[in-house]
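What follows is a short report on a single structure.
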């Protein structure tokens, strides 16, 4: 099963529907589907919510609304509170990155709630008491106040990336050039540099060290090597032709 | 030096000031300070921007505005483009997590630009051509469209956490209970369970295995052990007293 299907996002006492909408969009981006609002205090007419949710508006409309946190998490096997501040009952906090493997394991056994508090007040101490785990999102100490949907996004992103579901596109779509091909390029380039008169034999090896540094970083794939070899070939032609023209010109003087 | 000071956030052709404001707030949360807008196309009167920026409004007002991406990144030692889609020139992409160590190293040597495109069009191919690196943020394939400020937040969060600047509060503020203390608790608990009549000697060790599982997970610190030992002490008193009362009652019958 997909453990993300057992992750339940719980928002307590939310004031702004725009935040709910942004939360829904971030949830959809990160493969989460279950939203519960506890005693929402929405001040507006929900038009902001629909606007910010964009294509995740179905997720928003499918939300569950309950009166208490206790009700929201009664069937959960873990309840993860998010807290920005320290304090007597908030000392045992972990970062999202560290905790997500455990949460995903727990989510294979039952619903796991991730609980976010009010924009203005966070979670109250009696709500913290319902939590089996507490997390705190790393933020710069100069500006610690994270927007609600941005806090959710970070936790959701850590959960999503920890599942290993996202497969990065192959880093190089083309095959890598092997050492033989790179050596062949170096030989062609060396010849080309001599042909165009950029360097002369006694110093050639020294100059080639400079080119080797650049090419060792820059030339990675077969197409990379081919384009440079093609250019080197043409440089050699130009150089040889220029020398012949020079000779011809000299001869005709 | 702090490499984050050399990270330059560049937004190309932005339509909504609310996104700029949210970007600024996310930047402030993650210790970034430098914002450049390239040919902004802001449709509104910037009031959304100020509202979404909250305390990061100074960062927003300090932004640089230029006409072209070339101008925005001329002095940069690396230019990191963000792209949601694949395509001919966009094949070589990495995830933010994988690339940030390299970006932080480069940032000790000069400005590193992180470039985000238009809400409606992303970055154009000629802008991708200016990039030394490309990143793609992991998102669920069902809903790939990330809000601009949320995309920025993820990259900024990866940069910030990779610096190791954020120090998680000590996981346990109290000292951990050592094995001797835990054994002492187990002994007191065993006695208490016998005293209250919860178990009897032949099965006592078997029952204690059940308690050991719970305590090995739950009792971690010295205060944890002390509160349980205190409770066990009281259980023993209650159990012993109850038995005496029982005996007295029997005797007086």
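Residue numbers (the numbering used here), protein chains in the order written: chain V, 203 to 455; chain P, 203 to 455. For every residue, glycine included, the Cβ atom is placed at its ideal position computed from N, Cα and C. In this text, all values refer to a predicted model and were calculated from it rather than measured experimentally.
Taking a beta-carbon distance threshold of 7 angstroms, residue 345 of chain V counts as an interface residue toward chain P.
Residues are counted here when their Cβ sits less than 8 angstroms from a Cβ of chain P; for the stretch 217 to 248 of chain V these are 224, 227, 228, 230, 231, 232, 233, given in chain order. Under the DSSP assignment, residue 408 of chain P falls in the alpha helix (DSSP H) whose first and last residues are 403 to 420. The beta carbon of residue 253 of chain V sits closer than 7 angstroms to those of 223, all from its chain and outside the five residues before and after it, given in chain order.
Taking 9 angstroms as the Cβ-Cβ cut-off, the stretch 297 to 330 of chain V approaches chain P at 297, 299, 300, given in chain order.
With respect to residue 302 of chain V, residue 364 of chain V sits close: the two C-beta atoms are nearer than 7 angstroms. Taking 7 angstroms as the cut-off, the beta carbon of residue 256 of chain P is found closer than this to the beta carbon of residue 227 of chain P. Closest option to residue 442 of chain V, judged by alpha-carbon separation, among V:409, V:395, V:417, V:413: V:395. Between residue 387 of chain V and residue 437 of chain V, the C-beta gap is not smaller than 7 angstroms, which leaves the two residues out of contact.
Residue environment: residue 210 of chain V is assigned as buried (16 or more neighbouring CB atoms within 10 Å of its CB, all protein chains considered). With a threshold of 7 angstroms between beta carbons, residue 356 of chain P makes contact with chain V. Around the C-beta of residue 418 of chain V, fewer than 16 other C-beta atoms lie within 10 Å, and the residue is accordingly described as exposed. Rounded to the nearest angstrom, the Cβ distance from residue 270 of chain V to residue 239 of chain V is 12 angstroms, too far for a contact under 8 angstroms. Within chain V, the C-beta atoms nearer than 7 angstroms to that of residue 348 of chain P come from 231, in chain order. Bridge pairing for residue 320 of chain P: P:324 [DSSP]. Residues of chain V whose Cβ lies closer than 8 angstroms to the Cβ of residue 260 of chain P do not exist; the shortest such Cβ separation is about 11 angstroms. Among the CB atoms of chain P, one or more fall inside 7 angstroms of the CB of residue 370 of chain V. Put simply, the stretch 336 to 343 of chain P touches the stretch 351 to 369 of chain P. At least three CB pairs are less than 8 angstroms apart. In the DSSP assignment, residue 423 of chain V is bridged to V:378. Residue 380 of chain V is not a Cβ neighbour of residue 425 of chain V, given a cutoff of 7 angstroms. Runs of the beta strand (DSSP E) lying entirely within the stretch 239 to 321 of chain V, each at least 3 residues long, are 266 to 268, 280 to 284, 314 to 318 in chain order. Think of a sphere of 9 angstroms around the beta carbon of residue 363 of chain P: the chain V residues whose beta carbon falls inside it are 297, 299, 340, in chain order. Residue 298 of chain V and residue 389 of chain P have their C-alpha atoms roughly 37 angstroms apart. Taking 7 angstroms as the threshold, the shortest C-beta distance from residue 381 of chain V to chain P does not fall below it. Its chain contains 286 as the residues whose beta carbon lies nearer than 7 angstroms to that of residue 346 of chain P, once the 5 sequence neighbours on both sides are disregarded; these appear in chain order. The stretch 320 to 338 of chain V makes contact with the stretch 260 to 279 of chain V; the number of CB pairs closer than 8 angstroms reaches 3 or more. For residue 352 of chain V, at least one C-beta of chain P is nearer than 7 angstroms to its own C-beta. As DSSP reads the structure, residue 435 of chain P sits in no beta bridge. The C-alpha of residue 323 of chain V lies about 44 angstroms from the C-alpha of residue 392 of chain P. Within the stretch 255 to 280 of chain P, contact with chain V at the beta-carbon level (separation under 8 angstroms) is assigned to 256, 257, 258. Counting every other CB atom within 10 Å of its CB across the protein chains shown gives residue 330 of chain V a total of 16 or more, marking it as buried.
By the Cβ neighbour-count rule, residue 382 of chain P is exposed, with fewer than 16 other Cβ atoms within 10 Å of its own.
For residue 208 of chain V, the secondary structure class from DSSP, reduced to helix, strand or coil, is helix. A straight line joining the alpha-carbon of residue 422 of chain V with that of residue 378 of chain V spans about 6 angstroms. Residue 398 of chain P: not part of any alpha helix (DSSP H); DSSP gives it neither H nor E.
The beta carbon of residue 310 of chain P is closer than 8 angstroms to those of 203, 205, 208 in its chain, skipping five residues each way along the sequence.
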